[in-house]
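Have a look at the structure below before the remarks.
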Amino acid sequence: MVVNGDDYHVMCFTLCHTRGPVGSFLVRLSSVEKSERHYSLSVKTRDKVQRFRITRYDTGYYIFGGRPFSSMDDVVDRYRSEVIIDGITLGAPIIQTVRPVGRQAMTVTSPRDRTNSIILTQAHRQGEKTGLLLLRKGKKSPVYGKWKEFYFVIKYGEQKLLYYEREDSHKAKGLLDLRQCRAFAVDPTLYGRNGVFMVMLKYLNELSFYYFAAQTEELAQEWLRVMKRHTLKTPDTAKTEVQQIRSLSLSIRDSKLAKSSGHSSVYCLVFLDGAALAKTILMQVPCIFDESYLFQDLPLSTTSFAVELLSASKRAYIKDSSIGRVTIQLSDMPNGQDDDKWHHLMTKGSRTAQGSLRLVANFKHEMIFPIEEYTSLKERSLQWIHSPENSLREEWLRVGPVQQPLSDCARVHLLLHSAEAQH
1 MVVNGDDYHV
11 MCFTLCHTRG
21 PVGSFLVRLS
31 SVEKSERHYS
41 LSVKTRDKVQ
51 RFRITRYDTG
61 YYIFGGRPFS
71 SMDDVVDRYR
81 SEVIIDGITL
91 GAPIIQTVRP
101 VGRQAMTVTS
111 PRDRTNSIIL
121 TQAHRQGEKT
131 GLLLLRKGKK
141 SPVYGKWKEF
151 YFVIKYGEQK
161 LLYYEREDSH
171 KAKGLLDLRQ
181 CRAFAVDPTL
191 YGRNGVFMVM
201 LKYLNELSFY
211 YFAAQTEELA
221 QEWLRVMKRH
231 TLKTPDTAKT
241 EVQQIRSLSL
251 SIRDSKLAKS
261 SGHSSVYCLV
271 FLDGAALAKT
281 ILMQVPCIFD
291 ESYLFQDLPL
301 STTSFAVELL
311 SASKRAYIKD
321 SSIGRVTIQL
331 SDMPNGQDDD
341 KWHHLMTKGS
351 RTAQGSLRLV
361 ANFKHEMIFP
371 IEEYTSLKER
381 SLQWIHSPEN
391 SLREEWLRVG
401 PVQQPLSDCA
411 RVHLLLHSAE
421 AQH
(Lines of atoms letter the chains of each structure in order from A; the text may use other names.)
(Lines give C-alpha, C1' and ligand atoms only; values in the text may rest on other atoms or scores of the structure.)
Protein backbone atom coordinates (compact mmCIF):
# COMPACT_ATOMS: atom_id res chain seq x y z
CA MET A 1 0.00 0.00 0.00
CA VAL A 2 1.17 3.53 -0.70
CA VAL A 3 0.16 6.39 1.55
CA ASN A 4 -0.21 9.62 -0.41
CA GLY A 5 0.17 12.77 1.65
CA ASP A 6 2.38 14.02 4.45
CA ASP A 7 4.53 11.90 6.72
CA TYR A 8 1.84 9.88 8.53
CA HIS A 9 3.99 7.05 9.88
CA VAL A 10 1.92 7.07 13.07
CA MET A 11 -1.17 6.50 10.95
CA CYS A 12 0.57 3.60 9.22
CA PHE A 13 1.29 1.93 12.54
CA THR A 14 -2.25 2.51 13.76
CA LEU A 15 -3.75 0.98 10.64
CA CYS A 16 -1.47 -2.05 10.80
CA HIS A 17 -2.20 -2.64 14.49
CA THR A 18 -5.95 -2.22 14.33
CA ARG A 19 -6.85 -3.56 10.90
CA GLY A 20 -6.00 -6.70 9.02
CA PRO A 21 -4.36 -10.01 9.94
CA VAL A 22 -0.67 -10.86 10.29
CA GLY A 23 1.09 -10.04 7.03
CA SER A 24 -1.04 -6.98 6.32
CA PHE A 25 1.08 -4.16 4.94
CA LEU A 26 1.18 -0.70 3.54
CA VAL A 27 3.82 1.47 1.89
CA ARG A 28 4.43 5.18 2.32
CA LEU A 29 6.78 7.64 0.69
CA SER A 30 9.17 8.67 3.47
CA SER A 31 11.61 11.07 1.77
CA VAL A 32 12.76 12.41 -1.58
CA GLU A 33 16.37 13.25 -2.37
CA LYS A 34 18.14 14.45 -5.50
CA SER A 35 18.31 11.07 -7.22
CA GLU A 36 16.46 8.82 -4.76
CA ARG A 37 12.97 8.27 -3.38
CA HIS A 38 12.73 6.37 -0.11
CA TYR A 39 9.68 4.30 0.79
CA SER A 40 8.79 2.67 4.09
CA LEU A 41 7.16 -0.77 3.98
CA SER A 42 5.22 -1.45 7.21
CA VAL A 43 4.32 -5.10 7.85
CA LYS A 44 2.12 -6.37 10.67
CA THR A 45 3.79 -9.27 12.52
CA ARG A 46 2.38 -11.29 15.40
CA ASP A 47 3.36 -8.78 18.09
CA LYS A 48 4.51 -5.60 16.39
CA VAL A 49 4.83 -3.63 13.18
CA GLN A 50 8.12 -4.09 11.32
CA ARG A 51 9.30 -1.39 8.94
CA PHE A 52 11.55 -1.90 5.91
CA ARG A 53 13.20 0.64 3.66
CA ILE A 54 12.84 0.57 -0.12
CA THR A 55 14.86 2.98 -2.28
CA ARG A 56 13.94 3.98 -5.82
CA TYR A 57 16.87 5.41 -7.82
CA ASP A 58 16.65 7.65 -10.86
CA THR A 59 17.50 4.61 -13.00
CA GLY A 60 13.96 3.42 -12.31
CA TYR A 61 14.91 0.47 -10.10
CA TYR A 62 13.64 -0.23 -6.58
CA ILE A 63 16.28 -1.65 -4.21
CA PHE A 64 15.10 -3.77 -1.30
CA GLY A 65 17.37 -6.05 0.70
CA GLY A 66 20.16 -5.48 -1.84
CA ARG A 67 18.01 -6.80 -4.68
CA PRO A 68 16.90 -4.71 -7.69
CA PHE A 69 13.23 -4.71 -8.71
CA SER A 70 11.58 -3.10 -11.73
CA SER A 71 8.58 -1.83 -9.77
CA MET A 72 6.99 -1.78 -6.33
CA ASP A 73 4.62 -4.46 -7.58
CA ASP A 74 7.60 -6.76 -8.12
CA VAL A 75 8.70 -6.23 -4.50
CA VAL A 76 5.24 -7.10 -3.22
CA ASP A 77 4.84 -10.10 -5.54
CA ARG A 78 8.17 -11.57 -4.47
CA TYR A 79 7.41 -11.40 -0.76
CA ARG A 80 3.91 -12.75 -1.16
CA SER A 81 5.58 -16.10 -1.83
CA GLU A 82 8.89 -15.56 0.00
CA VAL A 83 9.28 -15.02 3.75
CA ILE A 84 9.98 -11.39 4.61
CA ILE A 85 10.38 -11.81 8.40
CA ASP A 86 9.80 -14.47 11.08
CA GLY A 87 8.10 -16.91 8.74
CA ILE A 88 5.67 -14.23 7.52
CA THR A 89 4.87 -13.43 3.91
CA LEU A 90 3.04 -10.34 2.68
CA GLY A 91 -0.71 -10.72 2.85
CA ALA A 92 -3.44 -8.28 1.92
CA PRO A 93 -2.75 -4.56 1.59
CA ILE A 94 -4.64 -2.27 3.95
CA ILE A 95 -7.08 -0.12 2.00
CA GLN A 96 -8.53 2.75 3.97
CA THR A 97 -9.49 6.36 3.44
CA VAL A 98 -8.66 8.50 6.49
CA ARG A 99 -9.25 12.17 7.28
CA PRO A 100 -6.91 13.14 10.12
CA VAL A 101 -8.12 16.04 12.25
CA GLY A 102 -6.76 19.41 11.16
CA ARG A 103 -5.09 18.04 8.05
CA GLN A 104 -5.91 17.56 4.43
CA ALA A 105 -7.52 14.24 3.52
CA MET A 106 -5.11 11.37 3.04
CA THR A 107 -5.89 8.33 0.90
CA VAL A 108 -4.32 4.91 1.29
CA THR A 109 -4.62 2.88 -1.88
CA SER A 110 -3.30 -0.25 -3.51
CA PRO A 111 -0.01 0.07 -5.42
CA ARG A 112 -1.69 -1.64 -8.35
CA ASP A 113 -4.05 1.33 -8.57
CA ARG A 114 -1.48 4.07 -8.05
CA THR A 115 1.54 5.52 -9.82
CA ASN A 116 4.24 4.17 -7.51
CA SER A 117 4.46 1.44 -10.12
CA ILE A 118 5.10 2.40 -13.72
CA ILE A 119 1.81 3.88 -14.91
CA LEU A 120 1.89 5.74 -18.20
CA THR A 121 -0.80 7.68 -19.97
CA GLN A 122 -1.16 7.31 -23.70
CA ALA A 123 0.54 10.68 -24.13
CA HIS A 124 3.68 9.24 -22.53
CA ARG A 125 3.64 6.15 -24.72
CA GLN A 126 5.22 7.84 -27.72
CA GLY A 127 8.36 5.75 -27.86
CA GLU A 128 11.07 5.59 -30.45
CA LYS A 129 10.01 2.07 -31.31
CA THR A 130 7.04 -0.05 -30.28
CA GLY A 131 5.82 -3.54 -31.04
CA LEU A 132 5.21 -7.11 -29.93
CA LEU A 133 8.09 -9.42 -29.00
CA LEU A 134 8.47 -12.72 -27.20
CA LEU A 135 10.50 -12.64 -23.99
CA ARG A 136 12.45 -15.03 -21.80
CA LYS A 137 14.25 -13.64 -18.77
CA GLY A 138 16.31 -15.06 -15.94
CA LYS A 139 19.44 -14.84 -13.81
CA LYS A 140 21.32 -17.58 -15.70
CA SER A 141 22.19 -17.77 -19.37
CA PRO A 142 20.84 -19.33 -21.49
CA VAL A 143 17.30 -18.85 -20.21
CA TYR A 144 14.90 -21.74 -20.75
CA GLY A 145 11.17 -22.01 -20.24
CA LYS A 146 8.18 -20.62 -22.09
CA TRP A 147 8.29 -17.60 -24.34
CA LYS A 148 5.78 -14.94 -23.29
CA GLU A 149 4.53 -12.15 -25.53
CA PHE A 150 4.64 -8.52 -24.39
CA TYR A 151 4.17 -5.12 -25.96
CA PHE A 152 7.45 -3.17 -25.84
CA VAL A 153 8.13 0.57 -25.91
CA ILE A 154 11.53 2.25 -26.12
CA LYS A 155 11.22 5.69 -24.56
CA TYR A 156 12.81 8.27 -26.81
CA GLY A 157 15.58 10.24 -25.08
CA GLU A 158 15.23 8.33 -21.81
CA GLN A 159 17.11 5.18 -22.86
CA LYS A 160 14.51 2.98 -21.20
CA LEU A 161 12.69 -0.11 -22.45
CA LEU A 162 9.24 -0.75 -20.98
CA TYR A 163 7.03 -3.74 -21.59
CA TYR A 164 3.29 -4.24 -21.12
CA GLU A 165 1.04 -7.27 -21.04
CA ARG A 166 -1.06 -5.78 -23.85
CA GLU A 167 -0.86 -2.83 -26.19
CA ASP A 168 -3.79 -1.13 -24.46
CA SER A 169 -2.31 -1.58 -20.97
CA HIS A 170 -1.55 1.64 -19.09
CA LYS A 171 0.77 0.10 -16.51
CA ALA A 172 4.09 -1.39 -17.53
CA LYS A 173 4.89 -4.91 -16.44
CA GLY A 174 8.58 -4.12 -16.25
CA LEU A 175 11.35 -1.71 -17.17
CA LEU A 176 14.92 -1.94 -18.40
CA ASP A 177 17.36 0.95 -18.09
CA LEU A 178 19.27 0.46 -21.34
CA ARG A 179 22.13 2.60 -20.05
CA GLN A 180 23.01 -0.31 -17.75
CA CYS A 181 22.68 -2.95 -20.49
CA ARG A 182 24.52 -4.56 -23.35
CA ALA A 183 22.78 -5.89 -26.45
CA PHE A 184 23.90 -8.85 -28.57
CA ALA A 185 22.68 -10.70 -31.63
CA VAL A 186 21.92 -14.35 -30.89
CA ASP A 187 22.87 -17.13 -33.28
CA PRO A 188 19.84 -19.17 -34.47
CA THR A 189 21.50 -22.32 -33.11
CA LEU A 190 20.91 -21.32 -29.48
CA TYR A 191 17.12 -21.68 -29.54
CA GLY A 192 16.64 -23.26 -32.95
CA ARG A 193 14.92 -20.19 -34.38
CA ASN A 194 15.76 -17.00 -36.24
CA GLY A 195 15.07 -13.47 -35.07
CA VAL A 196 16.47 -13.77 -31.53
CA PHE A 197 18.58 -11.17 -29.72
CA MET A 198 19.40 -10.55 -26.08
CA VAL A 199 20.02 -7.79 -23.58
CA MET A 200 22.21 -8.32 -20.53
CA LEU A 201 21.65 -6.08 -17.52
CA LYS A 202 24.31 -5.62 -14.86
CA TYR A 203 23.05 -3.85 -11.77
CA LEU A 204 24.61 -3.95 -8.30
CA ASN A 205 26.97 -6.72 -9.47
CA GLU A 206 24.00 -8.91 -10.38
CA LEU A 207 23.42 -10.10 -13.95
CA SER A 208 20.00 -10.51 -15.57
CA PHE A 209 19.47 -11.90 -19.06
CA TYR A 210 16.61 -10.95 -21.38
CA TYR A 211 16.15 -12.92 -24.61
CA PHE A 212 13.80 -11.48 -27.23
CA ALA A 213 12.30 -13.18 -30.29
CA ALA A 214 10.77 -11.27 -33.19
CA GLN A 215 8.55 -12.61 -35.96
CA THR A 216 11.26 -12.12 -38.58
CA GLU A 217 15.02 -11.74 -38.68
CA GLU A 218 14.64 -8.28 -40.25
CA LEU A 219 12.42 -7.10 -37.40
CA ALA A 220 14.87 -8.47 -34.84
CA GLN A 221 17.71 -6.55 -36.48
CA GLU A 222 15.68 -3.33 -36.34
CA TRP A 223 15.08 -3.75 -32.61
CA LEU A 224 18.70 -4.67 -32.00
CA ARG A 225 19.99 -1.59 -33.84
CA VAL A 226 17.75 0.70 -31.81
CA MET A 227 18.73 -0.92 -28.52
CA LYS A 228 22.44 -0.76 -29.30
CA ARG A 229 22.13 2.97 -29.88
CA HIS A 230 20.98 3.35 -26.29
CA THR A 231 22.93 0.72 -24.35
CA LEU A 232 25.94 1.92 -22.36
CA LYS A 233 25.88 5.25 -24.20
CA THR A 234 24.82 8.78 -23.48
CA PRO A 235 22.36 10.49 -25.82
CA ASP A 236 24.80 13.34 -26.46
CA THR A 237 27.58 11.22 -27.94
CA ALA A 238 29.57 13.44 -30.27
CA LYS A 239 29.43 12.53 -33.93
CA THR A 240 33.11 13.32 -34.33
CA GLU A 241 34.32 10.67 -31.91
CA VAL A 242 36.46 7.80 -33.10
CA GLN A 243 34.36 4.76 -33.97
CA GLN A 244 35.66 1.36 -32.98
CA ILE A 245 34.44 -1.70 -34.86
CA ARG A 246 35.01 -5.04 -33.15
CA SER A 247 34.07 -8.48 -34.41
CA LEU A 248 34.85 -12.09 -33.56
CA SER A 249 34.74 -15.10 -35.84
CA LEU A 250 34.95 -18.43 -34.07
CA SER A 251 35.25 -22.00 -35.31
CA ILE A 252 34.91 -24.96 -32.96
CA ARG A 253 36.85 -27.69 -34.69
CA ASP A 254 37.58 -30.67 -32.47
CA SER A 255 37.46 -32.01 -28.94
CA LYS A 256 39.41 -34.52 -26.89
CA LEU A 257 38.10 -36.17 -23.74
CA ALA A 258 39.61 -38.72 -21.42
CA LYS A 259 38.59 -42.27 -22.36
CA SER A 260 37.30 -42.84 -18.85
CA SER A 261 35.13 -39.72 -18.82
CA GLY A 262 31.93 -41.66 -19.44
CA HIS A 263 30.36 -38.93 -21.60
CA SER A 264 28.49 -40.16 -24.67
CA SER A 265 26.72 -37.11 -26.15
CA VAL A 266 28.15 -33.60 -25.92
CA TYR A 267 27.60 -30.11 -27.27
CA CYS A 268 29.12 -26.64 -26.83
CA LEU A 269 27.71 -23.29 -25.74
CA VAL A 270 29.41 -20.05 -26.81
CA PHE A 271 29.39 -17.11 -24.38
CA LEU A 272 30.33 -13.45 -24.67
CA ASP A 273 30.93 -11.91 -21.24
CA GLY A 274 28.76 -14.55 -19.61
CA ALA A 275 25.86 -14.38 -22.08
CA ALA A 276 25.11 -17.53 -24.10
CA LEU A 277 24.76 -16.65 -27.78
CA ALA A 278 25.30 -19.86 -29.78
CA LYS A 279 25.10 -23.64 -29.51
CA THR A 280 26.61 -26.50 -31.48
CA ILE A 281 24.64 -29.54 -32.52
CA LEU A 282 24.63 -32.60 -30.27
CA MET A 283 27.48 -34.97 -31.16
CA GLN A 284 28.45 -38.48 -30.12
CA VAL A 285 31.86 -38.92 -28.49
CA PRO A 286 34.43 -38.90 -30.05
CA CYS A 287 33.33 -35.95 -32.14
CA ILE A 288 34.53 -33.32 -34.60
CA PHE A 289 32.29 -30.25 -34.46
CA ASP A 290 33.63 -28.02 -37.25
CA GLU A 291 31.01 -25.29 -36.65
CA SER A 292 31.61 -21.57 -37.19
CA TYR A 293 30.03 -18.39 -35.83
CA LEU A 294 30.42 -14.66 -36.47
CA PHE A 295 29.71 -12.02 -33.83
CA GLN A 296 29.75 -8.50 -35.21
CA ASP A 297 29.58 -5.03 -33.69
CA LEU A 298 30.77 -6.16 -30.26
CA PRO A 299 30.33 -3.61 -27.45
CA LEU A 300 33.54 -2.00 -26.22
CA SER A 301 32.77 -3.44 -22.80
CA THR A 302 33.05 -7.01 -24.10
CA THR A 303 36.40 -8.32 -22.91
CA SER A 304 36.25 -12.09 -23.29
CA PHE A 305 34.50 -15.06 -24.81
CA ALA A 306 34.09 -18.60 -23.56
CA VAL A 307 33.20 -22.02 -24.94
CA GLU A 308 31.69 -24.54 -22.56
CA LEU A 309 31.46 -28.26 -23.32
CA LEU A 310 28.42 -29.96 -21.81
CA SER A 311 27.33 -33.56 -21.49
CA ALA A 312 23.72 -34.10 -22.53
CA SER A 313 21.56 -35.90 -20.00
CA LYS A 314 19.74 -39.03 -21.14
CA ARG A 315 16.74 -38.09 -19.00
CA ALA A 316 14.64 -34.98 -19.55
CA TYR A 317 14.29 -34.16 -15.85
CA ILE A 318 18.06 -34.14 -15.25
CA LYS A 319 20.01 -31.05 -16.25
CA ASP A 320 22.93 -31.28 -18.66
CA SER A 321 26.26 -31.24 -16.85
CA SER A 322 29.27 -29.08 -17.62
CA ILE A 323 32.45 -30.92 -18.57
CA GLY A 324 34.66 -27.86 -18.71
CA ARG A 325 35.08 -24.38 -20.10
CA VAL A 326 37.61 -22.41 -22.13
CA THR A 327 37.76 -18.65 -21.46
CA ILE A 328 39.84 -16.37 -23.69
CA GLN A 329 40.53 -12.68 -23.16
CA LEU A 330 40.17 -10.62 -26.34
CA SER A 331 43.15 -8.51 -25.30
CA ASP A 332 45.37 -11.61 -25.53
CA MET A 333 44.45 -12.30 -29.16
CA PRO A 334 46.34 -10.99 -32.22
CA ASN A 335 44.33 -8.39 -34.10
CA GLY A 336 42.93 -9.67 -37.38
CA GLN A 337 44.79 -12.99 -37.37
CA ASP A 338 43.55 -16.55 -37.01
CA ASP A 339 44.42 -17.98 -33.62
CA ASP A 340 44.34 -21.77 -34.05
CA LYS A 341 45.03 -23.54 -30.75
CA TRP A 342 44.08 -26.41 -28.50
CA HIS A 343 42.74 -25.19 -25.14
CA HIS A 344 42.34 -27.07 -21.88
CA LEU A 345 38.81 -27.57 -20.57
CA MET A 346 38.81 -26.41 -16.96
CA THR A 347 36.22 -26.47 -14.19
CA LYS A 348 35.89 -24.26 -11.13
CA GLY A 349 37.87 -25.48 -8.16
CA SER A 350 39.97 -27.93 -10.16
CA ARG A 351 43.42 -27.60 -11.68
CA THR A 352 43.08 -30.77 -13.72
CA ALA A 353 41.98 -30.40 -17.33
CA GLN A 354 38.88 -32.41 -18.24
CA GLY A 355 39.85 -32.51 -21.90
CA SER A 356 40.62 -30.01 -24.63
CA LEU A 357 38.99 -28.08 -27.45
CA ARG A 358 40.50 -26.91 -30.70
CA LEU A 359 39.32 -23.39 -31.48
CA VAL A 360 40.12 -21.11 -34.40
CA ALA A 361 39.31 -17.53 -33.43
CA ASN A 362 39.86 -14.25 -35.25
CA PHE A 363 39.27 -11.01 -33.35
CA LYS A 364 39.26 -7.77 -35.36
CA HIS A 365 39.45 -4.36 -33.75
CA GLU A 366 39.32 -1.50 -36.26
CA MET A 367 39.19 2.23 -35.65
CA ILE A 368 37.40 4.71 -37.92
CA PHE A 369 38.44 8.31 -37.38
CA PRO A 370 36.27 11.35 -38.10
CA ILE A 371 36.36 12.55 -41.72
CA GLU A 372 38.23 15.64 -40.55
CA GLU A 373 41.18 13.45 -39.58
CA TYR A 374 41.37 11.88 -43.05
CA THR A 375 41.04 15.27 -44.74
CA SER A 376 43.87 16.67 -42.62
CA LEU A 377 46.04 13.62 -43.37
CA LYS A 378 45.37 13.98 -47.08
CA GLU A 379 46.36 17.68 -47.07
CA ARG A 380 49.57 17.07 -45.13
CA SER A 381 50.49 14.13 -47.36
CA LEU A 382 49.94 16.12 -50.54
CA GLN A 383 52.06 18.99 -49.20
CA TRP A 384 54.85 16.55 -48.44
CA ILE A 385 54.52 14.79 -51.81
CA HIS A 386 54.67 17.98 -53.86
CA SER A 387 57.51 19.49 -51.87
CA PRO A 388 60.55 20.21 -54.15
CA GLU A 389 62.82 18.69 -51.52
CA ASN A 390 60.95 15.39 -51.63
CA SER A 391 62.98 12.71 -53.41
CA LEU A 392 59.80 10.74 -54.17
CA ARG A 393 58.10 13.58 -56.04
CA GLU A 394 58.96 12.10 -59.45
CA GLU A 395 57.61 8.74 -58.30
CA TRP A 396 54.35 10.40 -57.30
CA LEU A 397 53.98 12.07 -60.68
CA ARG A 398 54.64 8.73 -62.38
CA VAL A 399 52.24 6.71 -60.24
CA GLY A 400 49.46 9.29 -60.38
CA PRO A 401 48.54 9.21 -64.10
CA VAL A 402 48.97 5.45 -64.38
CA GLN A 403 46.59 4.74 -61.51
CA GLN A 404 43.84 7.11 -62.65
CA PRO A 405 41.05 7.45 -61.68
CA LEU A 406 42.36 6.68 -58.17
CA SER A 407 41.69 9.28 -55.51
CA ASP A 408 44.51 11.34 -54.04
CA CYS A 409 44.28 9.34 -50.80
CA ALA A 410 44.65 6.08 -52.70
CA ARG A 411 47.72 7.35 -54.54
CA VAL A 412 49.23 8.54 -51.26
CA HIS A 413 48.72 5.02 -49.95
CA LEU A 414 50.48 3.49 -52.96
CA LEU A 415 53.36 5.92 -52.71
CA LEU A 416 53.91 5.33 -49.01
CA HIS A 417 54.09 1.60 -49.68
CA SER A 418 56.62 2.33 -52.39
CA ALA A 419 58.68 4.39 -49.96
CA GLU A 420 58.62 1.59 -47.40
CA ALA A 421 59.82 -0.86 -50.03
CA GLN A 422 62.79 1.36 -50.87
CA HIS A 423 63.87 1.44 -47.23
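For the sequence shown, the positions run 1 to 423 when full-length UniProt numbering is used.
C-beta: ideal position from N, C-alpha, C; glycine also.
About 19 Å separates the Cβ atoms of Met333 and Ala275, ruling out a contact at the 8 Å cut-off. Rounded to the nearest whole angstrom, the CA to CA distance from Leu282 to Thr303 is 28 Å. In chain order, Gln180 place their CB closer than 7 Å to the CB of Lys202, counting only its own chain and leaving out the 5 sequence neighbours on each side. Residue pairing by DSSP puts His365 in a beta bridge opposite Arg246.
Between Leu90 and Val43, the CB-CB gap stays under 8 Å. In this structure, Ile252 places its C-beta atom within 8 Å of the C-beta atom of Leu357.
Gln337 counts as exposed, since fewer than 16 other beta carbons sit within 10 angstroms of its beta carbon. Apart from the 5 residues on each side of it in sequence, Ala361 sits with its Cβ closer than 6 Å to the Cβ of Leu250 and Asp339 in its chain, given in chain order. Residue burial is scored here from C-beta neighbours: Lys148 has fewer than 16 other C-beta atoms within 10 angstroms and is therefore classed as exposed. Taking 8 Å as the upper bound for CB-CB distance, Leu298 and Arg225 are not in contact here, some 15 Å apart.
With a cut-off of 8 Å on Cβ pairs, the segment 133-142 is not in contact with the segment 42-60, counting fewer than three such pairs. For Pro188, the CB contacts under 6 Å within the same chain, skipping 5 residues up- and downstream, are Asn194 in chain order. In terms of Cβ geometry, Tyr293 and Ala278 form a close pair [threshold 8 Å].
Here the alpha carbon of Pro286 sits roughly 41 Å from the alpha carbon of Met227.
Under DSSP, Glu217 forms no beta bridge with any residue.
Taking the C-beta atoms as reference points, Tyr151 is found no nearer than 8 Å to Leu134. In chain order, Leu204 place their CB closer than 8 Å to the CB of Gly66, counting only its own chain and leaving out the 5 sequence neighbours on each side. In the DSSP assignment, Ser81 falls within the unbroken alpha helix (DSSP H) covering Met72 to Ser81. The C-beta separation of Lys173 from Tyr163 comes to about 5 Å, placing the pair in contact by the 8 Å criterion. Linking Ser24 to Pro93 through their CA atoms gives a straight-line distance of about 6 Å. Shortest Cα-Cα distance from Lys137 to any of Arg166, Phe197 and Gln243 involves Phe197. Thr327 is classed as exposed because its beta carbon has fewer than 16 other beta carbons within 10 Å across all chains shown.
Here Ser331 carries a helix assignment [DSSP, helix/strand/coil]. In terms of Cα proximity to Ser208, the closest of Val76, Trp342 and Arg182 is Arg182. Cβ-Cβ separation between Leu330 and Phe363: approximately 5 Å, consistent with a contact (criterion under 8 Å). Between Val266 and Ile323, the CB-CB gap stays under 8 Å. Counting only the Cα atoms, Leu300 lies some 10 Å from Gln243. Taking Ile368 as the centre and dropping the five residues before and after it, the same chain places the C-beta of Gln243 closer than 6 Å to its C-beta, in chain order. Here Phe25 is bridged, per DSSP, to Val43 and Pro93.
Residue environment for Arg351: exposed (fewer than 16 other C-beta atoms within 10 angstroms of its C-beta). Between Phe184 and Leu272, the C-beta gap is smaller than 8 Å, which places the two residues in contact.
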